[in-house]
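*Asks:*
Protein chains: 2
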Amino acid sequence: MIAAHQATRRAAPTLEAVASAAGVSRSTVSRVVNGSTQVRPDVVDAVNAAIARLDYVPNRAARSLASRQTMAIALIVPEEAARFFGDPFFAAIVHGITRGLESSDYVLNLQLASRTSTSPKTKKYLLGGNVDGAIVVSHHSDVEFFSELDATIPVVFGGRPFHPEQHSNYFVDVDNAAGAALATEYLLEKGRSRIGTISGPVDMQAANDRTTGWVSALNGAGLPADLIAYGDFTMASGASAMRELLDRDPNLDAVFVASDLMAMGAISVLRERGISVPEQVSLVGFDDSPAATSTDPQLTTVHQPSTEMGLRMAHNLLALLAGEEVERQSILPTRLVVRDSA
Amino acid sequence: MIAAHQATRRAAPTLEAVASAAGVSRSTVSRVVNGSTQVRPDVVDAVNAAIARLDYVPNRAARSLASRQTMAIALIVPEEAARFFGDPFFAAIVHGITRGLESSDYVLNLQLASRTSTSPKTKKYLLGGNVDGAIVVSHHSDVEFFSELDATIPVVFGGRPFHPEQHSNYFVDVDNAAGAALATEYLLEKGRSRIGTISGPVDMQAANDRTTGWVSALNGAGLPADLIAYGDFTMASGASAMRELLDRDPNLDAVFVASDLMAMGAISVLRERGISVPEQVSLVGFDDSPAATSTDPQLTTVHQPSTEMGLRMAHNLLALLAGEEVERQSILPTRLVVRDSA
DNA sequence: CTGAAAGCGCTTACAG
DNA sequence: CTGAAAGCGCTTACAG
Chain A
3 MIAAHQATRR AAPTLEAVAS AAGVSRSTVS RVVNGSTQVR PDVVDAVNAA
53 IARLDYVPNR AARSLASRQT MAIALIVPEE AARFFGDPFF AAIVHGITRG
103 LESSDYVLNL QLASRTSTSP KTKKYLLGGN VDGAIVVSHH SDVEFFSELD
153 ATIPVVFGGR PFHPEQHSNY FVDVDNAAGA ALATEYLLEK GRSRIGTISG
203 PVDMQAANDR TTGWVSALNG AGLPADLIAY GDFTMASGAS AMRELLDRDP
253 NLDAVFVASD LMAMGAISVL RERGISVPEQ VSLVGFDDSP AATSTDPQLT
303 TVHQPSTEMG LRMAHNLLAL LAGEEVERQS ILPTRLVVRD SA
Chain Z
3 MIAAHQATRR AAPTLEAVAS AAGVSRSTVS RVVNGSTQVR PDVVDAVNAA
53 IARLDYVPNR AARSLASRQT MAIALIVPEE AARFFGDPFF AAIVHGITRG
103 LESSDYVLNL QLASRTSTSP KTKKYLLGGN VDGAIVVSHH SDVEFFSELD
153 ATIPVVFGGR PFHPEQHSNY FVDVDNAAGA ALATEYLLEK GRSRIGTISG
203 PVDMQAANDR TTGWVSALNG AGLPADLIAY GDFTMASGAS AMRELLDRDP
253 NLDAVFVASD LMAMGAISVL RERGISVPEQ VSLVGFDDSP AATSTDPQLT
303 TVHQPSTEMG LRMAHNLLAL LAGEEVERQS ILPTRLVVRD SA
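And the structure:
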């Protein structure tokens, strides 16, 4: 059986064909395709006309082979992020990355990596000269491999690295501590005095940084920062953390929750117990994800510019690949989005 | 400034190097690398030893150029799916796809496509011989382009196509109607007699199919299928659809909700109104996503084998690329997961 | 500003 | 079962 696509496939026009159609050499066509300024304007036009007429698309493989660039970038995503998170935040970052790359000639190769280790095949692929650079989304713990990768090709990470030895890496992040402080100070301004927090996993830098921000805001106000419970960024964990906080201090009047999803869980517990939000207990989340507007009351939360983070990651990698100087740490600002929960 | 990675980069060993190390010709090394059975076993061993010793990784560009295969597959994701859905279902499918491809030599190129149209650049890339095949996740409406693509290279779609003219496409889906019928029949068995449904957008085939299943189960029981409200698969839309249903018929005693997320919204409305679940109103969702276990009560829902769907999409495309015969429609089974909401 | 020529690292008939 | 040779479609010094 011959599939339809096989029957209709035609040989694509080559540089050679364009050259003879335009009456110039292949070198000249190549220069035009690559945007050289060293070609006479009328020749450029003639070549472009031929390209358009023949519907010429350069062969990437040939180009890569000759130029020794793959024109490919690896997008390395920890499997968990893709799988369990199914996270709007992550989705927005990827969206930003693709947008940041779309004006370039680079193509994005998706690589899921398990959190604890990277497969030998993936390692070989990444280290074997198959991509010109890489973007690593989210935290990761296969430190040795990523260090090796970073020493081989330009790599931009999403999120401040957890391990101090990686602090020389290029990364894009948000100022988590500042965002958390912002949220906590807002609660303080609203007259709240017994402010707890629901934090994320201690092995995630972002979670720690948010806790730090909460602590510093409380300390700045001369208040103790002792009411902390831990979740894992899921709704269910937010609910049980909220129960714990309530049991530990019934006088609690506000909570800074380190993610919107956990805040959703917390709100449901508050409602269960007949505690009104924001009257009795005010709540501020973190992310400003779609979840923030699907709760009742809607969440006051710290906005992360997730798409912009992806864009910046792409831009920084592109700059690195172009040999330009790039700031190692790109810290994007957060802002408080006031809705109804505080 | 010379970046670290530039300083340490070394020329990768070539086929040539392996050949001379093993004392054979390049042809022979190529055969071994490509798993030919026409090479003497001891020669195979010698070559593999040289490959291991030199840490040889074939150059993809050269291989592509010579073999006229790109060894790349496009993963085309409607932007909305990636962005708004941030959907665990989608995430699981992608996970399945990458797993299905990991034993192959194909690499996955991520392409976000807007729902209404595909950018000229993306079209050129996809049509221009840069990938050997494509996987299109989720529904899509740029029918003309996808038909053209399908006529050019092998394509596997996720989800039954909405447009009849695309019925010749290869696709992987779940039997949405059967799953919905399963859910509705379960509700019937539980003695429910006034069963409504919260459906998804009418321009999504999966939503329509689920409604069809609900209708047929009710009709099979001699019951009218007239209590239907529409959402868009988000939590908020599930909540308002639930309100609508309740307002239209206060005697309603069960609802088949076409997605877990909408079921979450429905549950919150039921709770708001003091209606107990499952005692007064039973609820069955669809997806069996993480959301299903984060509600209170936990959701009885129709399980979709999302990771398996991704795996199947990958396998089918691989088979197509290998020139094998593949069934055009792969319909995977659903099953009811009974928890607490019904 | 332009062209001829070499070369990028593989695969693949073709001989043997 | 193995090798010599041509060729895949580009880029890139090198001359001019």
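Sequence order for the protein chains is A and Z. According to the working numbering, the residues represented by the first sequence are 3 to 344, in order. According to the working numbering, the residues represented by the second sequence are 3 to 344, in order. Just so you know, even glycine gets a beta-carbon here, dropped at the ideal spot from N, CA and C.
1) Within 9 angstroms (strictly less), CB to CB, does A/Asn61 reach chain Z?
2) For A/Leu128, which of helix, strand or coil comes out of DSSP?
3) Would you verify that the beta carbon of Z/Ser66 is, or is not, closer than 9 angstroms to some beta carbon of chain A?
4) I'd like to know if A/Asp298 contacts chain Z, where contact means its C-beta is closer than 9 angstroms to some C-beta of that chain.
5) Label A/Pro335 either buried or exposed according to how many other C-beta atoms from any shown protein chain fall within 10 Å of its C-beta, with 16 as the threshold for buried.
6) Going along the chain, which unbroken runs of the beta strand (DSSP E) with 3 or more residues stay wholly within the segment 230-299 of chain Z?
7) Is the shortest distance between the beta-carbon of A/Leu301 and the beta-carbons of chain Z less than 9 angstroms?
8) Are the C-beta of Z/Asn50 and some C-beta of chain A separated by less than 9 angstroms?
9) The beta strand (DSSP E) spanning Z/Ala172 covers which residue range?
10) Please state whether the Cβ-Cβ distance between Z/Leu301 and Z/Gly312 is less than 9 angstroms.
11) Restricting to runs no shorter than 4 residues, where is the alpha helix (DSSP H) found entirely within the segment 20-82 of chain A?
12) Do you know whose CA, among Z/Pro203, Z/Tyr172, Z/Arg28, lies nearest Z/Ser239's CA?
13) Which bits of chain A does Z/Glu104 rub up against, with CB to CB less than 9 angstroms?
14) I want to verify the contact list: residues of chain A whose CB lies under 7 angstroms from the CB of Z/His305, in sequence order.
15) Is Z/Ile155 helix, strand or coil when you go by DSSP?
16) One question on the structure: do A/Ser343 and A/Pro307 come within less than 9 angstroms of each other, judged by their Cβ atoms?
17) Which whole-angstrom value is the C-beta distance of Z/Arg162 and Z/Asp175, which I expect to be below 8 angstroms?
18) Within its chain, find whatever has a CB closer than 6 angstroms to the CB of A/Ala48; leave out the 5 residues flanking it on each side and keep chain order.
19) Is the number of C-beta pairs between the segment 288-298 of chain A and the segment 232-252 of chain Z that are closer than 8 angstroms three or more?
20) Would you say Z/Ala316 faces chain A, with C-beta separation under 9 angstroms as the test?
21) List, in order along the chain, the chain A residues whose C-beta lies closer than 8 angstroms to that of Z/Thr39?
22) Three or more C-beta pairs under 8 angstroms: does that hold for the segment 268-276 of chain Z against the segment 211-229 of chain Z?
23) Thinking C-alpha only, which one of Z/Ser261, Z/Met237, Z/Val328, Z/Leu285 is nearest A/Ala294?
24) Closest by CA to Z/Phe235, which one among Z/Ser121, Z/Met264, Z/Leu247?
25) May I have the straight-line CA-CA distance separating Z/Asp57 from Z/Ala51, to the nearest angstrom?
26) Specify whether the segment 176-183 of chain Z and the segment 119-139 of chain Z touch according to this definition: at least 3 beta carbon pairs, one from each stretch, less than 8 angstroms apart.
27) What do you reckon, are the CB atoms on A/Val59 and A/Val46 nearer than 9 angstroms?
28) Rounded to a whole number of angstroms, what is the C-alpha to C-alpha distance between Z/Leu323 and Z/Ser291?
29) Would a check of beta-carbon distances place A/Glu18 closer than 9 angstroms to chain Z?
30) Within the same chain, show all residues whose beta-carbon is closer than 8 angstroms to that of Z/Asp107, passing over the 5 residues directly before and after it, in chain order.
31) Please name the residues in the segment 324-342 of chain Z whose beta-carbon is closer than 7 angstroms to at least one beta-carbon of chain A, in chain order.
32) Starting from A/Ala238, find everything on chain Z with Cβ-Cβ shorter than 8 angstroms and list it in chain order.
33) Check whether chain A comes within 9 angstroms of Z/Ala74, counting only Cβ atoms and requiring the distance to be less than that.
34) Rounded to whole angstroms, what is the Cα-Cα separation between A/Ile269 and A/Val279?
35) Quick check: is the beta carbon of A/His97 nearer than 9 angstroms to any beta carbon in chain Z?
36) Take A/Val79 and list the residues in its own chain whose beta-carbon comes closer than 6 angstroms to its own, dropping the five residues that flank it on each side.
*Replies:* Quick look at the numbers:
1) yes
2) helix
3) yes
4) yes
5) exposed
6) 230-232, 256-259, 284-289
7) no
8) no
9) Per the sequence presented here, residue 172 of chain Z reads as Tyr, with Ala not at that position. Run containing Z/Tyr172: 172-176, per the beta strand (DSSP E) assignment.
10) no
11) 28-35, 43-56, 62-69
12) Z/Pro203
13) Leu114, Ser121, Lys123, Thr124
14) Those within 7 angstroms of Z/His305 in chain A number zero; the least Cβ separation is about 16 angstroms.
15) coil
16) no
17) 5 angstroms
18) Ala24
19) yes
20) no
21) Those within 8 angstroms of Z/Thr39 in chain A number zero; the least Cβ separation is about 22 angstroms.
22) no
23) Z/Met237
24) Z/Met264
25) 10 angstroms
26) no
27) no
28) 32 angstroms
29) no
30) Met73
31) Glu327
32) Thr295, Ser296
33) yes
34) 8 angstroms
35) yes
36) Leu114, Val139
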